[in-house]
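Here the structure comes first, spelled out in structure tokens, and everything after it is commentary.
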Amino acid sequence: MDAKSWDGAVKVKLRSKQSPREVRNVMDAADCLFTAWPRHEGAAFDEALKVFAQVFDGRRKPAAAREAFIAAAKEARLPIDA
């Protein structure tokens with residue numbers, strides 16, 4: 003499956019004692035949300051999952067997923083560098 007890359011990596015710090023994770027595509031972003039996210043809830047979290055599915059279906063561009071991922075990180079109060 004194509005990972006659906008976007009322009010400009012997003013660095014997100016998922017745990018306080020770990021280095022930031024560099025996320026460059028929708029596949030990495032989905033992996034973050036499913037396996038490392040602090041809470042699996044919230045409007046931006048839900049929207050990000052929806053946008054990721056739309057990107058994989060070809061209905062949205064990867065840039066939309068990047069913005070949705072950033073919004074979910076902000077909602078979760080995770081430090082990001084975008």
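Taking my numbering, the leading residue of the sequence shown gets 3, the next gets one more, and so forth. C-beta atoms are modelled at their ideal positions from N, C-alpha and C, and glycine is treated no differently.
Select from the options the residue whose C-alpha is nearest the C-alpha of residue i.
i	options	result
A67	K76, A78, A55	A55
T69	V25, D4, P40	In the sequence on display, residue 69 carries Glu and not Thr. Ranking V25, D4, P40 by Cα distance to E69 puts V25 first.
A5	A84, K63, A73, I72	K63
E77	A32, D9, H42, G10	H42
A31	R79, W8, G60, P81	W8
Taking the continuous beta strand (DSSP E) assigned at residue i, which residues delimit it?
i	result
K13	7-14
So what does DSSP say about residue i, is it helix, strand or coil?
i	result
D4	coil
R26	strand
D59	coil
Near residue i, what residues of its chain come up, given a Cβ to Cβ distance below 8 Å and the 5 sequence neighbours on each side ignored?
i	result
S18	none
Determine the extent of the alpha helix (DSSP H) in which residue i is found, giving its start and end residues.
i	result
A73	64-77
Could you tell me whether any non-hydrogen atom of the ligand ATP is closer than 7 Å to the CB of residue i?
i	result
R61	By its list of ligands, the structure shown contains no ligand whatsoever, and the ligand ATP lies outside what it can speak to.
Count the other C-beta atoms from every protein chain shown that fall within 10 angstroms of the C-beta of residue i, then say buried if there are 16 or more, exposed otherwise.
i	result
A75	buried
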